[in-house]
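Structure record follows, encoded as structure tokens.
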Amino acid sequence: MYADEGHNVLCADVDPDANLGLALGFSEEELAAITPISEMKELIRERTEADQFEKFFKINPKVDDLPDKLATEKNGVKLLLMGTVKTGGSGCVCPEHVMLKRILSHLIVGREDVVIMDMEAGLEHLARGTTDFMDQFIVVIEPGARSVQTYHSVVRLAADLGIHKVNVVANKVRDEQDEAFIRENIPEENLLGMIHYSGKVADADRRCASPYDMASDAVEEIRRIKEKIDTDRRN
Ligand SMILES: Nc1ncnc2c1ncn2[C@@H]1O[C@H](COP(=O)(O)OP(=O)(O)OP(=O)(O)O)[C@@H](O)[C@H]1O
Ligand SMILES: [Mg+2]
């Protein structure tokens with residue numbers, strides 16, 4: 224939607240189980256051809272100047288040119304696959320980790336650019352300070368107690384990082400019971416909206432197509448959510 228409005232859009236897939244590309248309409252072949260940044264060993268070595276044993280390396284490598292250079296574009300949306308780093312606990316410091324963190328904090332290029340990061344529920348890629356540029360976290364939940372718990376744990380983790388704006392989108396809502404459950408468990412001011420279960424979204428997934436092109440019902444609901452986000456940003 225943002226790309227259709229003419230915005231420069233950059234999406235970063237930071238989920239170890241990366242599948243954002245499929246939802247954006249990339250084909251499986253196109254995605255398989257992209258090397259995740261965490262696997263760009265040469266680049267990481269060059270920028271961090273890591274020695275052979277990775278004992279000494281720069282913790283502030285130059286990365287500002289990378290998001291644009293490394294992203295692959297489709298339908299006006301640029302996609303960055305961040306990849307995964309096997310971390311030995313949250314205090315892990317290795318050249319790959321340093322690179323990923325540093326890139327995440329350099330994603331914003333211009334004020335009118337839209338940057339969307341798709342992350343798993345844990346926030347270990349982020350450190351205090353690297354999230355200063357973020358407008359908000361959006362937690363996509365489903366109508367169930369476990370999902371609500373995940374929301375609460377993201378609120379806590381985000382607060383540790385200094386982010387206090389954590390909003391919710393409820394997805395796969397099926398009936399009035401689901402709607403009531405969401406309203407009971409999520410504060411009204413934090414609920415951006417609901418997306419109902421859609422056979423068309425499921426169908427798009429089976430065809431490896433983007434729901435944006437195939438699921439007009441969900442797209443309409445998401446458009447209202449987007450309008451809320453945009454109004455909120457302007458105020
Ligand atoms: N509104 C919806 N209606 C029907 N199916 C949906 C809807 N939203 C998502 N799905 C389906 O649910 C599955 C998971 O969706 P998606 O990958 O967006 O979830 P996710 O929360 O990002 O999962 P993960 O935690 O693995 O990253 C996909 O098969 C997708 O097509
Ligand atoms: Mg996901």
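When you line the sequence shown up against our numbering, it's residues 224 to 458, in that order. We put the beta carbon where it would ideally sit given N, CA and C, even for glycine.
Check, Outcome
"N-terminal and C-terminal residue of the alpha helix (DSSP H) that Ala441 is part of", "Ser439 to Arg457"
"Leu323 - containing alpha helix (DSSP H), residue span", "Pro318 to Leu327"
"Within 7 Å, strictly: CB atoms of Ile409 and Val392", "no"
"Residues bridged to Asn390 (per DSSP)", "Ile361"
"Ligand 2 heavy atom lying under 6 Å from the CB of Asp238", "yes"
"Status (buried if at least 16 other CB within 10 Å, exposed otherwise) for Asn242", "exposed"
"Whole-number beta carbon distance between Val377 and Ala344, since they are thought to touch under 8 Å", "6 Å"
"Any non-hydrogen atom of ligand 1 closer than 6 Å to Ala235 Cβ", "no"
"Alpha carbon of Arg530 to alpha carbon of Ser421, nearest angstrom", "Nothing can be reported for residue 530, as the shown portion of the chain is limited to 224 through 458."
"Val396 - partner residues in DSSP beta bridges", "His419"
"Element boundaries [alpha helix (DSSP H), containing Glu296]", "Careful: Glu296 lies outside any alpha helix (DSSP H), inside the beta strand (DSSP E) at Thr295 to Lys297."
"Stretch-stretch touch, CB-based, cutoff 8 Å, three pairs: the stretch 253 to 273 with the stretch 292 to 305", "yes"
"Closest Cα partner of Ala382 within the set Glu399, Leu346, Met417 and Gln372", "Leu346"
"Alpha-carbon to alpha-carbon, Glu365 and Leu414", "13 Å"
"Per-residue burial, Ile282 [other beta carbons within 10 Å of its own, 16 or more giving buried]", "exposed"
"Status (buried if at least 16 other CB within 10 Å, exposed otherwise) for Thr271", "buried"
"Opposing strand residues paired with Leu414 [DSSP bridges]", "Val391"
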